[in-house]
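2 protein chains.
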Amino acid sequence: MPNNQFKRGELYSFITGVASTAIGRRLQKKFKQQGIDITIEQWSVLYHLWKQDGLSQQELCTATFRDKPSITRLVDNLEKLKLVKRVPSKEDRRINLIHLTDTSTKLRDETMGMANETLNEAIVGVTAQEIEICKSVLQRVYDNLK
Amino acid sequence: MPNNQFKRGELYSFITGVASTAIGRRLQKKFKQQGIDITIEQWSVLYHLWKQDGLSQQELCTATFRDKPSITRLVDNLEKLKLVKRVPSKEDRRINLIHLTDTSTKLRDETMGMANETLNEAIVGVTAQEIEICKSVLQRVYDNLK
DNA sequence: GGCATATAGTTAGTTAAACAACTATTTCAA
DNA sequence: TTGAAATAGTTGTTTAACTAACTATATGCC
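As given, the protein sequences belong to chains A and B, one line each in that order.
Going by the working numbering, the first residue of the first sequence is number 126, and it counts up by one from there.
Going by the working numbering, the first residue of the second sequence is number 126, and it counts up by one from there.
Right, here's the structure in full:
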């Protein structure tokens, strides 16, 4: 590793390569093994709605760090699966509020345990302090580039 | 934030959402502004070939944390752009060695500066020690789930 | 009030990712 | 030495990402 440039390249590889896939894909496999047929991207949208139901698509964009077309299509697919429903806002007719269905509430109970299990497996040997530093670095990177 | 479960969910969002896109997309924009018409995924493959030319597709899989079909298609597209060339290995006829072309060497000089610039912008306010911790956490997460 | 501008969401087109199933070649052991 | 298992790479299918261009509604300034 001759110079600093190389090290930065490695960081890039990790951030773009490892992190984005490892945890999500492991979780997706657990879903599949249990016969739960949603993608990890769909789950990440539901995750935020389980925290707070009735978010707008724009709010889902912010929460999940996705752009508007991505959320449009994810909500399309979640609606096809009868897991959410678009409800036009009464205050502002441009806005769709995304509401959970009963089916998705059942899904929450089934999947949250798997998500915790996966995270536990992922962070073996990592201290709470290290996780905090890691989160704060990624947040600053995101803010710097926003 | 009532409990530990919620905090872990946030970490998940960061790792899968923020990190994978922010730096790469910023770099991609710089490429486009300079009239350089490759994707960030294609660039990440070239990056590893610039470090060592003539890697096999399998070695590119390992280096970039992608699966085999992904590398097959990225190499397809890089070949169409005349940036790399598949050369069958003489020792083992199952293996394709991926070699850079003259065009891609020019591209290296043009893009490496932009990559460094982007990383510099990304890590403003982050110490070297924090970066090391962040890398090591992501490495352990990856290894834990491998 | 009316027009420019901003905001929310959709559509179209290209690239990339994941998985499964496949072919070709090599390795290794009975 | 031959046949099973492992390895390298490809193809098909679905989902998701990004950009750009678009429609519809709301805001705000003159």
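The C-beta atom is built at its ideal place from N, Cα and C for all residues, glycine as well.
In this text the structure is predicted, and so the values were computed from the model without any measurement.
Closer than 7 Å at the beta carbon, the chain B residues around residue i
| i | result |
| --- | --- |
| Leu270(A) | Ala147, Ile148, Arg151, Glu246 and Ala247 |
Within 7 Å, strictly: CB atoms of residue i and residue j
| i | j | result |
| --- | --- | --- |
| Glu246(A) | Asn269(B) | yes |
| Leu171(A) | Ser229(A) | yes |
| Leu203(A) | Gln167(A) | yes |
| Val212(B) | Cys259(A) | no |
| Thr189(B) | Ser169(B) | yes |
| Gln264(B) | Asn221(B) | no |
| Tyr267(B) | Ala147(A) | yes |
DSSP bridge partner residues for residue i (one or two, in chain order)
| i | result |
| --- | --- |
| Asn221(B) | Pro213(B) |
Interface residues of chain B facing residue i [CB-CB closer than 8 Å]
| i | result |
| --- | --- |
| Ile258(A) | Glu255, Ile258, Cys259 and Val262 |
Chain A contact residues for residue i, given Cβ-Cβ distances below 8 Å
| i | result |
| --- | --- |
| Val251(B) | Val262, Arg265 and Val266 |
Legend entry - Cβ contact (3+ pairs, closer than 8 Å) linking the segment 220-235 of chain A and the segment 249-268 of chain B: No contact exists between the segment 220-235 of chain A and the segment 249-268 of chain B.
Inset, instruction - Count the CB pairs spanning the segment 220-230 of chain B and the segment 175-194 of chain B that are closer than 8 Å, and state whether there are at least three. - result: Below 8 Å, enough C-beta pairs join the segment 220-230 of chain B and the segment 175-194 of chain B to call them touching: three or more.
Legend entry - Residue ranges of each beta strand (DSSP E) within the segment 165-215 of chain A, 3 or longer: Correct list: 209-213.
Inset, instruction - State whether the segment 192-206 of chain B contacts the segment 148-161 of chain B, with contact taken as three or more CB pairs (one from each stretch) at a distance under 8 Å. - result: The segment 192-206 of chain B vs the segment 148-161 of chain B: no contact.
Legend entry - Those runs of the alpha helix (DSSP H) which lie wholly inside the segment 220-253 of chain A and span at least 4 residues: Qualifying alpha helix (DSSP H) stretches, in chain order: 227-247.
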